[in-house]
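The numbers in our numbering rise by one with no breaks, and the one at position 314 of the sequence shown is 315.
Using N, Cα and C, we set each Cβ at its ideal position, and we do this for glycine too.
The model shown is predicted, which means the values in this text are computed figures rather than measured ones.
One structure below.
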Amino acid sequence: MLRRRLNRLFGGDERRVESRTINVGHRSGSPNEAIIPPKFCDNRIVSSKYTVWNFLPKNLFEQFRRIANFYFLIIFLVQVIVDTPTSPVTSGLPLFFVITVTAIKQGYEDWLRHKADNEVNKYPVTVLEDGRRIRKESEKIKVGDVVEVEEDETFPCDLILLQSSRDDDTCFVTTASLDGESNHKTHYTVPDTERNLESLNATIECEEPQPDLYKFVGRMHIYTNNQEPAVRSLGPENLLLKGATLKNTQKIYGVAVYSGMETKMALNYQGKSQKRSAVEKSINAFLLVYLCILVSKALVCTTLKYVWQSKPGQDEPWYNEKTQKEKDTNLYLKMFTDFLSFMVLFNFIIPVSMYVTVEMQKFLGSFFITWDKDFFDPEIKEGALVNTSDLNEELGQVEYVFTDKTGTLTQNNMEFIECCIDGFQYKYQDARSELDGFCVTDGPVNKLQQKAGREREELFLRALCLCHTVQVKESPEQAQDQVDGLTDQVDDLEVDGEVPYPSQEQRSFIASSPDEVALVKGAMRYGFTFLGLESKSMKILNRNNGVEMYELLHVLNFDPVRRRMSVIVRSKSGDTLLFCKGADSSIFPRVRQEEVERIRMHVERNATEGYRTLCVAYKCLSAEEYAQADEGLREARLALQNREEKLMAVYNQVETGMSLIGATAVEDRLQEEAAETMEALQGAGMKVWVLTGDKMETAKSTCYACRLFQRNTELLELTVRTLEDGGRRREERLHDLLNEYHKKAVQDAPPAKAGVTRSWSSANQDYGFIIDGATLSMVLNSSSESNSSRYKNLFLQICQNCTAVLCCRMAPLQKAQIVKMVKNSKGSPITLSIGDGANDVSMILEAHVGIGIKGKEGRQAVRNSDYAIPKLKHLKKLLLAHGHLYYVRIAHLVQYFFYKNLCFILPQFLYQFFCGYSQQPLYDAAYLTMYNICFTSMPILAYSLLEQHICIEVLLDNATLYREIAKNATLRWRPFLYWTLLGVFHGLLFFFGVRYLFSNPALQDNGQVFGNWSYGTIVFTVLVFTVTLKLALDTRHWTWINHFVIWGSLAFYVFFSFFWGGIIWPFLSQQRLYFVFANMLSSVSAWLVIILLILLSLLPEILLVVFRKPRGPNARQKELVQSSVGGHQSPRSSARPLLMRTFSDESNTVI
């Protein structure tokens, strides 16, 4: 061992991967070798972000990295340092509010993480030390400790299984908390370990921690009585992962190999890259415009101040002489400080509280998705899940949908349909079959073939019963011997050659893939029943009720690259057989070609009908062949480096020269309402791309079933088959086909109308595009760089002009490449990926929005998604209703915030022209501080959470409404300009309307005049009432919450103004508003001008809504509702009566 360490240290073994050596039970493996205690991390799990000591500095640093927060911090510091017209409190308090709210939210979330960590770290576990069982906390486990785990307990760290209470040295595990798979997985003890673990002397050499849940490479050296140590290979089947749960096994012992933050579970919970929505980009652009307006205002006021003061007598009037310090100040420094003072005075045009409101809207709004009862699935008893609330509005902007096929468009619920043996079709009907001739043939069969068919039938059915990794799940009360029990059932049931079909329902199977269970159940229909695996022996019950035993020698596991799996078994007669099943593309090249033609026709026909097909082959291994394969497999499994590649080489060597027996057809039914959902998405203007690893024929039939392809759709196929048709080099053929398809679909196509995705008339031709993985690699990775770029552009243009695109035989990485290519194309369209399996994770992470389906292929997709839904059909409501409403709400929120702040600060700017540019504030400091925090924040938050400008039923019934908001329609420059001009109009009206009132010198009964604080208070009162009532006018969906916050905010403003001005506050050095508000309301003229200005401000909008011709989604909704209910009140409106606004033309139809 020392030599190995020195070799590694001085480069004697450069090719060795990083590995660790662990002493089991902290005992030295060799008596002559001293233990050097290795330094591994402890078993504490730390998912929290902060500690008590670093929370404040770390959180503040993260918050001030946001540009808006940093900007307001600078403004606050300027107010503190420079003599500015407003108190530092005016900008400091809103900033403090924003920082505090965010810090509390993040601190609370981190406290929950600390709490969860403590529950895990303090969990009591049992550890074997010097032959004694010691209870200790989970966090105190060290690498090398031997840990005892009992049934239904979770594993406290990653363990190598040393001993199990089961007789067959296995244990069952569920990994639902890791990948969502609730089926029982079988794990095996390390062979030849001693039953007495106290006397076990062993070392484990394994790879350094890495996050792949399904990969583990290591070996165990077992030392006995000074003999040469025995070496045993370790793989994923020996590794018990932290977070998994022990099932159907009383007790196990395992040695800790990875602990704490080095466990695979901890490595898999690394944070995902942060996704940002398009709305945030719009906000940043608008902020830039308003920042320019702010700087322009400050520059104008600074310039005009010095122009005005340059006139004689204006700079230093007799009543306000300069001090000596002011006279000595540098002119340019004074100009700069004046500029900063104006910046501070006008800085409220930048809405800092908007960020908090947007965050709260997203966070609270996400609960509406979670609470939606329509998303609840009674089968799995779960609803929708929101992992990322930052992207709610992005759901309303999707242009491209990339979907997986198996488990997403289909149910991943496999049913055995038929099989083909030696070219003869076997279709299961009515649970009956004849023993000699239960086949339906496509051609004449002579009597000699019938006898041969019988033998081949049994060989094929044995292959189905043996070539899998299925486990038989026994019910708890089934204590009697499974073979005798099942044989009795068969004897009772089988009459006149009937297949023992009911036994299928009395036995349940566990497998990692639904395909395998379907094939084993299919074999049961024809008389061959798999009884289970006991001590490396596989038992099957044949048609004659005889139990056949096969010794399982090796399993050549399935992987997506080989697309096949094999088993090597030995029969009682001593024959060594290899059975292999897999995709036709991987089996056909490895069997005799004369056998292929008999099967190919059936495989292609089944694929065209939409069935999943697998081919089955076998091979008799001679003693020499098996010995060579056995040695190669054992050597490869002991390798620490490149184990996968070495195993693959042995697999490929063994799986050659096989004999093809037949093929199977398994049906994977469409998801509930899959066709309706796809049709709705296309009607909403979205392009749907199907990305699947399945065969082209199967995927194509699924696309037809989902109505992505119509019968009149012309399919443009770019696959290996079409590239080989021309007889020329593939590269040349690819070039020609791309140009031909581009001319047909792009150049010769009539210009599409805006928003139209499918022409339902026969005038325009619809195109569908099909490409496979091999051809996509040629397109993306052409030999010439210039060709690759050109091919990619042509491919993209063709796809964008097709109604639907099918990409088949895709590797997971290729799925992500396609999403990335579309995402980065011209216009940067918003993409959405939806899938249910681990192979979809890459495209889910790559897309702007990732949706996981809580399917049967584990929960990796759900864990890595932004949103998770139980079924595909829920995607329709998620996008067309929730997405649409979230986008409209947040777009209105952003525009409204800029509008109300422009209304707020424009009078302040105009006031400078009448006060000698002296930086005199128009509003009191309390109003400046409270305007965005209290007086106007709650109504817009309630609006942005509850507004339904069109009711959900109408949005779902009319998918075309989704197009109205496509491409960020509501947050473009035109609506932004409208809101800005509206803010300018209202700001001018407020200021000059009140100034016109003040042209009358006596506004009170006693002849006294109002002062400048009364002027500002009247303007502020008109402002608060106008912007709040403007929001009330825009509200279409009234609830008690809207009423409460709108009228409550106005009442609070009035109450606060009386309260603030009615008391002498001891902490204020000067009280500008003392009795100003009450005094103002004593004037009838003030009342008149306030009411008149509010009405004048809102009158144009009221007239516009009343007299304009109805158009857009609201008018379409009106027509839809009237046509659907025949002019009567809609069912929903009668069920949920709501107070509707009478100002709008939609008031009688929109709920």
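By the three-class DSSP mapping on this structure, what secondary structure does Ala869 have?
Your numbering for residue 869 matches position 868 in the sequence shown. Strand at Ala869.
Interface flag, Arg133 vs chain D, CB-CB below 7 Å:
Although the question refers to chain D, the structure presented lacks it and comprises just one protein chain.
Could you check if Asn825 is buried or exposed, using at least 16 other CB atoms within 10 Å of its CB as the buried criterion?
Position 824 of the sequence shown, counting from 1, holds the residue named residue 825. Asn825 is exposed by the Cβ-count criterion.
Using DSSP with H/G/I as helix, E/B as strand and the rest coil, what is Gly828?
On the sequence shown, position 827 is the one that residue 828 refers to. It is coil, neither helix nor strand.
Decide if Val128 is buried, meaning its Cβ has at least 16 other Cβ atoms within 10 Å, or exposed.
Mapped onto the sequence shown, residue 128 falls at position 127. Val128 is buried by the Cβ-count criterion.
Alpha carbon to alpha carbon, how far is Asn227 from Ala637?
If you number the sequence shown from 1, residue 227 lands on position 226. If you number the sequence shown from 1, residue 637 lands on position 636. Rounded to whole angstroms, Asn227 to Ala637 spans 27 Å at the Cα level.
At the level of alpha carbons, what is the spacing between Thr225 and Glu847?
As a first step, residue 225 is located in the sequence shown; it is residue number 224 there, counting from the start. As a first step, residue 847 is located in the sequence shown; it is residue number 846 there, counting from the start. Spanning the two alpha carbons is a distance of roughly 52 Å.
Please classify Glu229: does DSSP put it in a helix, a strand, or coil?
For the purposes of this step, residue 229 is taken as the residue at position 228 of the sequence shown. Three-state DSSP puts Glu229 in coil, outside helix and strand.
Grouping DSSP H, G and I as helix and E and B as strand, with all else coil, what is Leu1089?
As a first step, residue 1089 must be located in the sequence shown, where it is residue number 1088. If DSSP states are grouped into helix, strand and coil, Leu1089 belongs with the helices.
Taking the CB atoms as reference points, tell me whether Leu163 and Gly255 lie closer together than 7 Å.
Locating residue 163 in the sequence shown gives position 162, counting from the first residue. Locating residue 255 in the sequence shown gives position 254, counting from the first residue. Yes.
Trp690 - containing beta strand (DSSP E), residue span:
Locating residue 690 in the sequence shown gives position 689, counting from the first residue. Its beta strand (DSSP E) spans residues 688-692.
In whole angstroms, give me the CA-to-CA distance for Ile418 and Asp958.
The count along the sequence shown starts at 1 and reaches residue 418 at position 417. The count along the sequence shown starts at 1 and reaches residue 958 at position 957. If you take the alpha carbons of Ile418 and Asp958, they lie about 36 Å apart.
What is the rounded straight-line gap between the Cα of Gly1017 and the Cα of Leu1051?
Numbered from its first residue, the sequence shown carries residue 1017 at position 1016. Numbered from its first residue, the sequence shown carries residue 1051 at position 1050. So the two alpha carbons sit approximately 18 Å from each other.
Who are the near neighbours of Gly663 in its chain, counting only those whose CB is closer than 8 Å to its CB and skipping five residues on each side?
Start at 1 with the first residue of the sequence shown, and residue 663 comes out as number 662. Around Gly663: Cys420, Cys421, Ile422, Asp423, Arg457, Phe461, Ile600, Cys616, Val617.
What is the DSSP secondary structure of Ser88, reduced to helix, strand or coil?
Along the sequence shown, read from residue 1 onward, the residue named residue 88 stands at position 87. Of the three classes helix, strand and coil, the one that applies to Ser88 here is coil, per DSSP.
Exposure of Ser283, with buried meaning 16 or more beta-carbon neighbours within 10 Å
On the sequence shown, residue 283 is found 282 positions in, with the first residue counted as 1. It is buried - the Cβ of Ser283 has at least 16 other Cβ atoms within 10 Å.
Let me know the secondary structure DSSP gives Cys581 once reduced to three states.
Counting from 1 along the sequence shown, the entry for residue 581 is found at position 580. Cys581: strand per DSSP, three-state reduction.
Which residues does DSSP list as the beta-bridge partners of Asn1153?
Past the boundaries of the shown model lies residue 1153; the chain is included only from 2 to 1152, so the question cannot be answered.
Own chain, CB closer than 8 Å to Pro1138, minus 5 neighbours either side, in chain order:
Against the sequence shown, residue 1138 aligns to sequence position 1137. Low confidence applies here, because Pro1138 scores a pLDDT of 30, under 50, leaving its location unreliable and the question unanswered by this model.
8 Å contact criterion, which Asp1 and Tyr51 should meet: CB distance rounded:
Here the chain comprises residues numbered 2 to 1152, so residue 1 is not present and cannot be evaluated.
How far does the alpha helix (DSSP H) with Ser660 in it reach, from first residue to last?
Taking the sequence shown and counting its residues from 1, one reaches residue 660 at position 659. Not the alpha helix (DSSP H): Ser660 falls in the beta strand (DSSP E), residues 660-671.
The stretch 933-945 in contact with the stretch 790-810 per 3-pair CB rule at 8 Å:
no
Exposed or buried, Pro192, counting other C-beta atoms within 10 Å across all chains shown (16 or more means buried)?
On the sequence shown, position 191 is the one that residue 192 refers to. So Pro192 counts as exposed.
Closest Cα partner of Thr1029 within the set Pro940, Phe977, Cys952:
Mapped onto the sequence shown, residue 1029 falls at position 1028. When each option's Cα is compared against that of Thr1029, the closest is Pro940.
Sorted by chain position, which residues of the same chain lie with C-beta nearer than 8 Å to Ser260's C-beta, five sequence neighbours on each side aside?
One-based indexing of the sequence shown puts residue 260 at position 259. Here the set comprises Phe41, Cys42, Asp43, Asn44, Ile142, Lys143, Val144, Cys158, Asp159.
On the CB-based measure, 16 or more other CB atoms within 10 Å of its CB, does Phe915 come out buried or exposed?
Counted from its first residue, the sequence shown places residue 915 at position 914. Per the 10 Å Cβ criterion, exposed.
Simplified DSSP state of Phe98, which is helix, strand or coil:
As a first step, residue 98 is located in the sequence shown; it is residue number 97 there, counting from the start. Here Phe98 sits in helix by DSSP.
Bridge partners - Thr614, DSSP secondary structure assignment
Position 613 of the sequence shown, counting from 1, holds the residue named residue 614. Answer is Ala666, bridged to Thr614.
What are the boundary residues of the beta strand (DSSP E) that Gly384 is part of?
By 1-based counting over the sequence shown, the position of residue 384 is 383. Gly384 -> no beta strand (DSSP E), and no H or E assigned at all.
Skipping 5 residues on each side, what residues in its chain have a beta carbon closer than 7 Å to that of Ser20?
Taking the first residue of the sequence shown as 1, we reach residue 20 at position 19. The answer, listed in chain order, is Glu206, Cys207, Glu208, Glu209, Leu641.
Counting pairs of beta carbons, one from the stretch 958-970 and one from the stretch 923-933, are three or more of them closer than 8 Å?
no
Over the uninterrupted beta strand (DSSP E) stretch that includes Tyr259, give me the two end residues.
Start at 1 with the first residue of the sequence shown, and residue 259 comes out as number 258. Counting along the chain, the beta strand (DSSP E) containing Tyr259 begins and ends at 252-259.
Range of the contiguous alpha helix (DSSP H) that encloses Phe977:
As a working note, residue 977 is residue 976 in the sequence shown. It spans 974-998 - the alpha helix (DSSP H) in which Phe977 sits, taken as one unbroken run.
Can you tell me the Cβ-Cβ gap for Met415 and Asp516, rounded? I've got them flagged as a contact below 8 Å.
Reading the sequence shown from its first residue, position 414 is the one you call residue 415. Reading the sequence shown from its first residue, position 515 is the one you call residue 516. So it is a contact: roughly 5 Å between Cβ atoms.
Comparing alpha-carbon positions, which option in Ser29, Lys827, Lys428 lies nearest Gly1154?
Residue 1154 lies beyond the residue range present for the chain, which begins at 2 and ends at 1152; the question has no answer from this structure.
Sequence ranges, beta strand (DSSP E) only - wholly within the stretch 851-932, length at least 3
868-870
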